[in-house]
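Using numbering that gives the first Met the number 0, you'd call the opening residue of the sequence shown number 0 and step up by one each time. This report concerns only the one structure given below.
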Amino acid sequence: MARAHAESVIKNIIREIVQESAVRGHMVSDTLVAFMVKAVVLDPRNGFNVDRTLTKQDVQKLEELCLDKLMEQCSPSLDTIKMQVCFDLSYTSRREFLEEVHRALESSLSAACREITDSRAKTREELDALYRRIVTYIQLRSGMGSPADHDAVQEAAAALQSVFPQTELGAFMVLLKRDKEQQLKELTMIVTGIRLFNRAGEETDLRGLTPAVLNEALPFAGSSVENELIASQTLAWKYTALQEQLPGRDSPPGGRAVPAALLRQALYNVRQHEVFLKMLLSDARLCAKQVETFKTEMSSQMKLLKETVQSRTAVPTAKVFPLFKSLSKLWSGLQDEAELLNILSNILRNLQPFVASQAEIFSEAYLDGLLEASEVKTDDQRMAESSDERIVPAEMETQEWLLPETTAGFNELPLQYNGVCGSTLVSRDGLLLPGNPHIGVLKHKEKLYVFSSKEAALKFASSPDDFIAEVAEQAKRCPELIQLLRLHQQFSCVGPYSELQPGESLLVKPVTRCESGTQTDVHPVEMNVVRSYEWNEWELRRKAIKLADLRTKLTHSVQTDMSHMRRENVTQTWLPKDAACQSKRDAASGVPKPQIYVAGLRGQRDGGVVKTNLTRPVE
């Protein structure tokens, strides 16, 4: 009951903050407000205790602090949090993106499909209208031209007429709804393959067959994301160089005041933007690679189809229809990649407003003036400078170190803090420097840590738990670090709002771990299950019909000298058994034999016949 009450209180707080923000002219989402509530509660400077029930004064204080954070103008920290929330809500895996694209397609076509499958056309006019609807459905599903394009519609109708003439509508009408939907999908694939084949003609270059939307979205993979990434990385290197010049002071040489907190927030902002851009670029390059694969397969499939058809006037459908279907699947694959590229492009555009505040505070001219003649190092240059520094495990035998030459799959190790040096983060007032795994990877409590230098590695390894706790404190003061450094497991109560399960509170303690084990039987009991058993009489009937259909099939056999005029024969007999019966007593009776004689059968014409009975009496 207490947990349910706490959840109700938090939901009410979120709702009130959203409403008050709207009153003040700022539209914020529940997800952003939920994350901000967690961040405010976690910040030790605010004095909240998650183990204690929130009082009315605590609730008012929490709401005011959250509103102050959400209403900040030109705040890189707030923009970074908004960027993280926006990315969490819009980005997912490639498989889920494609599933969403397919669901959207099915949803958009559901009405047109329902009109076809539910039609009860009877008259000639109604049948003609139904056939036109089928052509429109195929046009929409294939994505080859608009239904408003007369030439494209005529092309689709001609291709459909060759495989599904209008006279077949009667057989189509008597099908079940499920079978109608399946036939519509198959007709779409066949018609799409035919149209692609007709468009290719004698050409070997299939550039003209790629979807138009793909030709517009494909340059995104090569230039847009890369340009954005280069710009963010350049800013990150400048902010890093500038922050390195501020070891505990707010004004670098030259006397120009620089707010260290804003500089740190700006660095976190561009570093988070860089992380997201790398993810988008990786997905975009994978899409471009898939497009090239589909094009190659389409070219080979088209060549095979031309060799099959050639100049023949008639080709068996069993040979050509599968080729048309495979060609249509490749076309659909190209359309999926185009839709995925458009989604990634939209995510890129949605992230752009969240880097505006740091650009407004620190313009490029202002940054260049602050840096003056200072050297701006790239991440690769820092890696190259520190590659000569190597950890010698013998120097610190109490810790376990992983080195490139002794560790398999070294480049695929799951590094903590997203590959950032935790030692530098603590000792240099929140400075983010990428770690160099070739220095040596520290394995502490089944987690792996990298460092920017050998000195930082040895310092961290001397008391890793203290550094880990200090990194957590830094993240509590700067909540954007929780996602940037991937600290969600350490701060389980600040996981993405969209991942909360029903009944899970927004303010929960970290999940503790425990040792557990399972054991299975060495010799489990075997289950004697007859896979061929069937209880359904209709399934038995189907199998019987299938077996009876074999009488129309031609059977081939070969005989040898040994098997000629021979066959195997087996008989089984039952031996006779002895049987007897017994009665109570023996009894018998004797009956005289009848003896009757007839005289006078041959003789006079008018003579009489004499019959004499000589049978002895029974007595």
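All C-beta atoms in this analysis are idealised placements derived from N, C-alpha and C, irrespective of residue type, glycine included. It should be emphasised that the depicted structure is a prediction, and the values quoted were computed from it without experimental measurement.
Residue i (DSSP reduced to helix, strand or coil)
{"i": "L486", "result": "coil"}
{"i": "R601", "result": "coil"}
{"i": "V40", "result": "helix"}
{"i": "V375", "result": "coil"}
{"i": "W573", "result": "coil"}
{"i": "E533", "result": "coil"}
{"i": "K10", "result": "helix"}
{"i": "L245", "result": "coil"}
{"i": "E396", "result": "coil"}
{"i": "L401", "result": "strand"}
{"i": "L53", "result": "coil"}
{"i": "T517", "result": "coil"}
{"i": "C73", "result": "coil"}
{"i": "D67", "result": "helix"}
{"i": "I115", "result": "helix"}
{"i": "M382", "result": "helix"}
{"i": "D428", "result": "coil"}
{"i": "C286", "result": "helix"}
{"i": "Y130", "result": "helix"}
{"i": "R389", "result": "coil"}
{"i": "S504", "result": "In this prediction, S504 scores a pLDDT of 37, lower than 50, which makes its location untrustworthy; the coordinate-derived value is nonetheless stated afterwards. Here S504 sits in coil by DSSP."}
{"i": "E618", "result": "coil"}
{"i": "V493", "result": "A caution first: V493 carries a pLDDT of 46, below 50, which makes its placement in the model unreliable, though a value can still be read off. Reduced to three states, the DSSP call for V493 is helix."}
Bridge partners - residue i, DSSP secondary structure assignment
{"i": "H437", "result": "Note: H437 sits in no beta bridge, so no partner."}
{"i": "N345", "result": "Answer is none; N345 lacks a bridge partner."}
{"i": "I595", "result": "N612"}
{"i": "W236", "result": "W236 is not bridged to any residue."}
{"i": "E538", "result": "DSSP lists no partner for E538."}
{"i": "V419", "result": "P433"}
{"i": "L414", "result": "L447"}
Alpha-carbon spacing of residue i relative to residue j, whole angstroms
{"i": "A372", "j": "A235", "result": "17 Å"}
{"i": "D29", "j": "T54", "result": "22 Å"}
{"i": "L486", "j": "N417", "result": "9 Å"}
{"i": "H272", "j": "V84", "result": "12 Å"}
{"i": "S145", "j": "K288", "result": "28 Å"}
{"i": "I390", "j": "Q415", "result": "18 Å"}
{"i": "S298", "j": "K305", "result": "11 Å"}
{"i": "A393", "j": "L401", "result": "12 Å"}
{"i": "K610", "j": "L600", "result": "10 Å"}
{"i": "I360", "j": "C73", "result": "8 Å"}
{"i": "K446", "j": "E454", "result": "20 Å"}
{"i": "S426", "j": "Q489", "result": "21 Å"}
{"i": "S107", "j": "T191", "result": "19 Å"}
{"i": "K10", "j": "S462", "result": "40 Å"}
{"i": "P591", "j": "V569", "result": "57 Å"}
{"i": "V440", "j": "T517", "result": "32 Å"}
{"i": "D249", "j": "E396", "result": "Summary for D249: the model assigns pLDDT 45, below 50, so the residue's position carries little reliability, and this model does not support an answer."}
{"i": "G494", "j": "E19", "result": "Below a pLDDT of 50, predicted positions are generally treated as unreliable, and G494, at 44, falls in that range; no measurement from the model is reported."}
{"i": "R270", "j": "A156", "result": "54 Å"}
{"i": "S356", "j": "V32", "result": "20 Å"}
{"i": "L104", "j": "D87", "result": "24 Å"}
{"i": "E6", "j": "S76", "result": "27 Å"}
{"i": "L183", "j": "L333", "result": "21 Å"}
{"i": "G24", "j": "M82", "result": "20 Å"}
{"i": "P478", "j": "Q300", "result": "53 Å"}
{"i": "T307", "j": "L186", "result": "20 Å"}
{"i": "Q464", "j": "A265", "result": "Reading the sequence as shown, one finds Asp at residue 464 and not Gln. Taking the straight line from one Cα to the other gives about 28 Å."}
{"i": "T614", "j": "K576", "result": "46 Å"}
Chain C within 9 Å of residue i, Cβ atoms only
{"i": "A216", "result": "Protein chains in the displayed structure number just one, and chain C is not present."}
Does the stretch 322-336 come close enough to the stretch 285-299 that 3 or more CB-CB pairs lie under 8 Å?
yes
Do the stretch 105-121 and the stretch 129-142 make contact, defined as three or more Cβ pairs closer than 8 Å?
yes
Below 8 Å, can you find three or more Cβ-Cβ pairs linking the stretch 429-441 to the stretch 373-392?
yes
Using 8 Å as the threshold, is the stretch 222-238 in touch with the stretch 278-287, meaning 3 or more CB pairs across them?
yes
Start-end ranges of the beta strand (DSSP E) lying completely within the stretch 441-480, minimum 3 residues
446-448
Could you tell me which uninterrupted alpha helix (DSSP H) segments, each at least 4 residues in length, are contained entirely in the stretch 176-201, listed from first to last along the chain?
176-199
Is the number of C-beta pairs between the stretch 62-77 and the stretch 36-51 that are closer than 8 Å three or more?
yes
Is the stretch 89-99 touching the stretch 160-170, taking contact as three or more C-beta pairs under 8 Å?
no
Just checking, does the stretch 352-371 make contact with the stretch 331-344 on the three C-beta pairs under 8 Å criterion?
no
Please determine if the stretch 360-375 and the stretch 96-106 are in contact, where contact requires at least 3 C-beta pairs separated by less than 8 Å.
no
Per the contact definition of three or more C-beta pairs closer than 8 Å, is the stretch 132-141 in contact with the stretch 181-200?
yes
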